[in-house]
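One line per chain: the protein sequences are C and X, in this order. Reminder that position 181 of the first sequence reads as 181 in the numbering used here, one-by-one numbering, no gaps. Reminder that position 30 of the second sequence reads as 30 in the numbering used here, one-by-one numbering, no gaps. Before any comments, here is the structure.
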Amino acid sequence: MINFVIQSTFIMNNKHQDDIEHIRSMMERSSRFISLSGMSGVIAGIVALIAALFSYYLIKNNGGAYFGNKPVNLPASLLTKLIVTCVATLLIAIFFGVYFTIQKSKRNHQKIWNSLSKRLVVNLFIPLVAGGIFCIALFYQGHLGLIAPVMLIFYGLALMNASKYTFNDVEYLGYCELILGLISLFLVGYGLIFWAIGFGVLHIVYGIMMQKKYH
Amino acid sequence: MNLFQSLNKEFESRIRLGIMSILMVNEWVEFKEMKETLDITDGNLASHIAALEKNDYIEVKKEFVGKKPKTSYRATKTGRKAFNLHLNALEKLINRK
């Protein structure tokens, strides 16, 4: 008899534990987009590193010395090449990001385009678009050295803003990008290095961590 | 009072538990979205929603977006209170020893 009571209490306890688990998972599934893939971070990082290296050689081969605190005058043809590199990097990174996220959302049985991912994208893009316009303005005003720091700062803020709707880890990545950007504000001329660390190395580290933690 | 008595019978079903969990962390949630999150059929969800509505735990809003009807749900004050009590009872049951 006692045995029976203990056993049924045990089973009930398990049921309650499962109930709590279920509540937690439903709250999580309905309020956070959990299909962001770590792999997209890794790929974005690698693409960014290649782009940084490519830009470095572009500048070097055109006789420009990238590093240093002097204001540089870049020829128009070089600027065009750099802008093309920039846009191509962005497109490739977004493409792989979306691709891996679709894969993961299939595994999670979470719709890729639901109210959560919409909220995530909107919250990510508001600071990001503002930052983009800011960078274009800097470009027109000739403050080329400030573009990399500003990109890092706004990207960090965008991540922090979007993290409410996905993994908390995204917020920490945001802090790292923000701090890196703020430091590089005072080391104008070394923007490319900071840019490579922020968009390259940090993304790869973050991607591997996410892959280990949630895969 | 017996701890088991403080558990709410209305929340015995996993689906009702799921519906309330979703509505605790979201304002208005649409029928279709709810269905996808819970991964259940229309009929199944509708019957559980009707039960919760009868208890005044959730409220319903029907509107038209273009020509399509859209039904959304929100937890009422009563519903939130009942769910919190249930959650507390569950926690106590697990932690007592």
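Backbone N, C-alpha and C define an ideal beta-carbon position, used for all residues, glycine too. If you're wondering where the values come from, they're calculated on a predicted model, not measured in any experiment.
- Here the alpha carbons of C:L180 and C:I94 stand approximately 22 Å from one another.
- Per DSSP, X:E63 lies in no alpha helix (DSSP H) segment; the continuous beta strand (DSSP E) that holds it begins and ends at 58 to 65.
- If you check the CB distance, C:R119 and C:Y155 do not come in under 8 Å.
- Nearest CB-CB separation between X:I49 and chain C: not below the 8 Å threshold.
- About 18 Å separates the CB atoms of C:N168 and C:P127; that is not less than 8 Å, and the two are not in contact.
- For X:P69, the three-state secondary structure derived from DSSP is strand.
- DSSP links X:A75 through a beta bridge to X:I58.
- Those residues of the region 88 to 115 of chain C placed with their C-beta closer than 9 Å to a C-beta in chain X are H109, Q110, K111, N114, S115, ordered along the chain.
- DSSP, reduced to helix, strand and coil, places C:E21 within a helical segment of the structure shown.
- If you look at C:G97, you'll find it in the alpha helix (DSSP H) that goes 76 to 108.
- Judged by their CB atoms, X:I15 and X:H48 are nearer to each other than the 8 Å cut-off.
- Look at X:I58: its C-beta is not under 8 Å from any C-beta on chain C.
- Under the three-pair Cβ rule at 8 Å, the region 28 to 47 of chain X does not count as touching the region 46 to 57 of chain C.
- X:G18 has a beta carbon lying within less than 8 Å of a beta carbon in chain C.
- Residue contact with chain X for C:R119: absent (no Cβ-Cβ distance below 8 Å to any residue of chain X).
- A straight line joining the alpha-carbon of C:H16 with that of X:Y57 spans about 21 Å.
- Taking 8 Å as the threshold, the shortest C-beta distance from X:V65 to chain C does not fall below it.
- With fewer than 16 other CB atoms across the displayed protein chains lying within 10 angstroms of its CB, C:V122 is exposed.
- Residue C:S30 holds the alpha-carbon nearest to the alpha-carbon of C:L116 among C:S30, C:I136, C:I43, C:A44.
- Straight-line measurement puts the Cα of C:N61 at about 32 Å from the Cα of C:C176.
- Sequence-distant Cβ neighbours of C:L138 in its own chain, meaning closer than 6 Å and more than five residues away, are L146, I147.
- For X:D39, the residues of chain C that pass the 7 Å Cβ criterion are H109, in the order they occur in the chain.
- Under the 8 Å criterion on CB atoms, C:S163 is classed as non-interfacial with respect to chain X.
- About 5 Å separates the beta carbon of C:A158 from that of C:L124, a gap short enough to meet the 8 Å contact definition.
- Residue contact with chain X for C:S35: absent (no Cβ-Cβ distance below 8 Å to any residue of chain X).
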